[in-house]
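Residue numbers 1 to 480, in UniProt numbering, belong to the letters of the sequence shown in order. Below is one structure, written out as structure tokens, with a few remarks after it.
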Amino acid sequence: MSQRTAPRGGAAWALVITSVAGFMAALDNLVVTTALPSIRKDLGGALDDLEWTVSAYTLTFAVLLMFGAALGDRFGRRRLFQVGLVIFTGASAAAALAPGIGSLIAARAVQGVGAAVMMPLTLTLLTAAVPAAKRGMAYGIWGAVNGLAVASGPLIGGSLTEHISWHWIFWLNVPLGIALLPLARLRLAESFGTGAPLDVPGTLLASGGLFGIVYGLVRGPADGWTSALVLTGLFAGGALLLAFVLHGSRAANPMLPMRLFRSRAFSGINAASLLMFLGMFGSIFLLSQYMQGVLGYSPTQAGLRMLPWTGMPMLVAPIAGILSDRIGGRPVVATGLFLQAAGLGYLASVAATDTSYAGQLPGLIISGIGMALFFAPASNLVMSSVRPAEQGIASGANNALREVGGALGIAIMSSIFSAQGGYESGQAFVDGLRPALVTGSAVVALAGVAALLIPARRAGGRTAAENARAPEAALETASH
Numbered sequence: 001m002s003q004r005t006a007p008r009g010g011a012a013w014a015l016v017i018t019s020v021a022g023f024m025a026a027l028d029n030l031v032v033t034t035a036l037p038s039i040r041k042d043l044g045g046a047l048d049d050l051e052w053t054v055s056a057y058t059l060t061f062a063v064l065l066m067f068g069a070a071l072g073d074r075f076g077r078r079r080l081f082q083v084g085l086v087i088f089t090g091a092s093a094a095a096a097l098a099p100g101i102g103s104l105i106a107a108r109a110v111q112g113v114g115a116a117v118m119m120p121l122t123l124t125l126l127t128a129a130v131p132a133a134k135r136g137m138a139y140g141i142w143g144a145v146n147g148l149a150v151a152s153g154p155l156i157g158g159s160l161t162e163h164i165s166w167h168w169i170f171w172l173n174v175p176l177g178i179a180l181l182p183l184a185r186l187r188l189a190e191s192f193g194t195g196a197p198l199d200v201p202g203t204l205l206a207s208g209g210l211f212g213i214v215y216g217l218v219r220g221p222a223d224g225w226t227s228a229l230v231l232t233g234l235f236a237g238g239a240l241l242l243a244f245v246l247h248g249s250r251a252a253n254p255m256l257p258m259r260l261f262r263s264r265a266f267s268g269i270n271a272a273s274l275l276m277f278l279g280m281f282g283s284i285f286l287l288s289q290y291m292q293g294v295l296g297y298s299p300t301q302a303g304l305r306m307l308p309w310t311g312m313p314m315l316v317a318p319i320a321g322i323l324s325d326r327i328g329g330r331p332v333v334a335t336g337l338f339l340q341a342a343g344l345g346y347l348a349s350v351a352a353t354d355t356s357y358a359g360q361l362p363g364l365i366i367s368g369i370g371m372a373l374f375f376a377p378a379s380n381l382v383m384s385s386v387r388p389a390e391q392g393i394a395s396g397a398n399n400a401l402r403e404v405g406g407a408l409g410i411a412i413m414s415s416i417f418s419a420q421g422g423y424e425s426g427q428a429f430v431d432g433l434r435p436a437l438v439t440g441s442a443v444v445a446l447a448g449v450a451a452l453l454i455p456a457r458r459a460g461g462r463t464a465a466e467n468a469r470a471p472e473a474a475l476e477t478a479s480h
């Protein structure tokens, strides 16, 4: 991997720049959800159109993540990070100025393109700038900021909509993006991947497969799981992803080498990430509505009452990063996932039409600590499970699986909710919420089991995979 010398103070600047960029990209996953009624009032549109203001972003984001990482490895990670930042910032302004629902959906899709280029490169650039001994703490802060963005999206969107205007959901990104551009140019070191040519067939197979799967998942609850378009998307997407796996096993320079999954560390943390986001996204999506629609809180009040869960990463994730440096990521990640599962199970058990906030608080705190313990060590495990030249692809694959997990979680848990309950009354909502949360809890517990499959640290504080890479890493360090 070719890399230039980092500017003085590069580690601190890289942490700030990549954390803020990651926050922007992660925030826009769920920030629109609490603003949909206001958007419909201003711009019109049917229910399906409003759903696409959420889905258009998720779709392009998930589909292009690995391609964005591959472009960064080939043409320069800092350069492509800046390109993604420009696209994301410009699309945010276009969304804020959208005159109609169609133009808003188009702007959201372009936002997803920018985020897909920018997001996987944040971890790669951060890894290149931070010394190996301090990466756990850096990943902890990065994970805390990103976890807060994902979980606080409904709060920020609801507060801006309630007190200012829904347009400010998107205007918020513009000054941040403009400020980050010169900082990225001046304070981040350029780096490249292996220099291998772009894998065009692999890119087309992965993008087409993810498009079909995610399209089917986000449209299933609205159009029906047996509708022709949904079934076509799911089956065609599955077939293309199978072809992508075969291609990655046989091609000379594949976009995602399937040999990476022979590593228990890489396979285990990616399985855990997909399942974690499946349970977390679906739960936040429904609990935010429960607090507003059943318990009668405003969007801002609901968001504030969820802070023991959503705000916990800011307090605990840096500590989790330090712990992962000392004892390894596996026990920290697994503990976090089992705590998250326990918290969701508790919330399912106490959910009722008149549940007090004090009754919910233990579950929110336990879930928050669990989520915080997951984010930082998970990032560390992903980046340490592959060679330095493959970290961009590893980051892109992990982020893509998280996005697909989030879309799958909302789809599955919404379907369970609709089958067991509905919006007709508070009791009907609770009847649907409880089995959905139980499902989320079980899925996150399964993620904990997957995390336990990750190899433990060996003597000297490294995993078996890291020991195997030690001679190569030493040569690479000497070459710089």
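Cβ coordinates follow ideal geometry from the N, Cα and C atoms, glycine included.
Could you tell me which of the options sits nearest to residue i, measuring between CA atoms?
i: aspartate 354; options: Ala407, Arg262 and Gln292; result: Gln292
i: glycine 172; options: Val32, Thr60, Leu43 and Pro120; result: Looking at the sequence itself, residue 172 is leucine, so the reference to glycine does not match. With distances taken between Cα atoms, leucine 172 lies closest to Val32.
i: glutamine 301; options: Ser288, Glu390 and Ala11; result: Ser288
i: leucine 59; options: Val200, Thr89, Arg79 and Gln111; result: Gln111
i: alanine 451; options: Gly296, Ala378 and Ala56; result: Ala378
i: valine 145; options: Phe277, Val316 and Phe75; result: Val316
i: residue 481; options: Trp13, Gly100 and Ala94; result: With the chain covering only 1 through 480, there is no way to say anything about residue 481.
i: valine 449; options: Ile369, Ser415 and Ala272; result: Ala272
i: residue 500; options: Val404, Thr439 and Ile319; result: Since the first residue shown for the chain is 1 and the last is 480, residue 500 is missing from the structure and cannot be characterised.
i: glycine 368; options: Gly329, Leu446, Leu401 and Ser283; result: Ser283
i: alanine 320; options: Asn398, Pro120, Ala372 and Ile416; result: Ala372
i: threonine 232; options: Leu80, Ile213 and Ala12; result: Ile213
i: alanine 185; options: Phe81, Gly396, Ala400 and Leu323; result: In the sequence as displayed, the identity of residue 185 is arginine instead of alanine. When each option's Cα is compared against that of arginine 185, the closest is Phe81.
Where do the ends of the alpha helix (DSSP H) carrying residue i lie?
i: arginine 330; result: 329-350
i: glycine 237; result: 228-250
i: tyrosine 290; result: 264-293
i: arginine 185; result: 173-187
i: glycine 448; result: 426-452
i: serine 356; result: It is not in any alpha helix (DSSP H) - serine 356 carries neither H nor E in the DSSP assignment.
i: leucine 85; result: 77-96
i: serine 103; result: 101-129
i: tryptophan 166; result: Unbroken run through tryptophan 166: none, as it is neither H nor E.
i: tryptophan 309; result: 307-310
Starting from the C-beta of residue i, find all residues in its chain whose C-beta is less than 6 Å away, skip the five residues before and the five after it, and write them out in chain order.
i: glycine 426; result: Val294 and Thr353
i: valine 333; result: Phe374, Pro377, Ala378 and Ala451
i: glycine 345; result: Ser441
i: alanine 236; result: Gly212
Once you ignore the five residues that flank residue i on each side, which residues in its own chain have a CB closer than 7 Å to its CB?
i: leucine 176; result: Val20 and Met24
i: tyrosine 297; result: Met291 and Arg305
i: glutamine 391; result: Thr124, Thr127 and Met383
i: valine 16; result: none
i: alanine 459; result: Residue placement at alanine 459 is flagged as unreliable, the pLDDT there being 41, under the threshold of 50; a coordinate-derived value is accordingly withheld.
Counting only the same chain and skipping the five closest in sequence on each side, list residues whose C-beta sits under 8 Å from that of residue i.
i: alanine 35; result: Gly157, Gly158, Leu160, Thr161, Trp166 and Ile169
i: valine 386; result: Leu260, Ser263, Phe266, Ile393 and Ala394
i: proline 182; result: none
i: glycine 359; result: Val350
i: proline 131; result: Ala11
State yes or no: is the beta carbon of residue i nearer than 7 Å to at least one beta carbon in chain D?
i: alanine 25; result: Here chain D cannot be found, since the structure has a single protein chain.
Self-check item: Contact the stretch 427-446 vs the stretch 297-312: 3+ CB pairs below 8 Å
Solution: The stretch 427-446 is not in contact with the stretch 297-312.
Quiz item: So, do the stretch 23-34 and the stretch 110-120 have three or more beta carbon pairs nearer to each other than 8 Å?
Solution: Touching, yes, given that three or more Cβ pairs across the two stretches are closer than 8 Å.
Practice problem: Determine, using beta-carbon pairs with one atom in the stretch 221-239 and one in the stretch 259-274, whether at least three such pairs fall under 8 Å. | Solution: No, the stretch 221-239 is not in contact with the stretch 259-274.
Practice problem: Count the C-beta pairs between the stretch 409-418 and the stretch 155-164 that are closer than 8 Å, then say yes if the count reaches three, no if not. | Solution: Judged by Cβ distances under 8 Å, the stretch 409-418 makes no contact with the stretch 155-164, as fewer than three pairs qualify.
Quiz item: Counting Cβ pairs, one atom from each stretch, are 3 or more of them under 8 Å apart for the stretch 93-111 and the stretch 328-343?
Solution: No, because fewer than three Cβ pairs between the stretch 93-111 and the stretch 328-343 fall closer than 8 Å, the two stretches do not touch.
Quiz item: Is it true that the stretch 67-76 meets the stretch 87-100, where meeting means three or more beta-carbon pairs spaced less than 8 Å apart?
Solution: Inter-segment contact for the stretch 67-76 and the stretch 87-100 is absent: fewer than three beta-carbon pairs are separated by less than 8 Å.
Quiz item: Which ranges would you report for the alpha helix (DSSP H) in the stretch 13-42 if only whole runs of at least 4 residues count?
Solution: If we require 4 residues or more, the stretch 13-42 turns out to have no alpha helix (DSSP H) run fully inside it.
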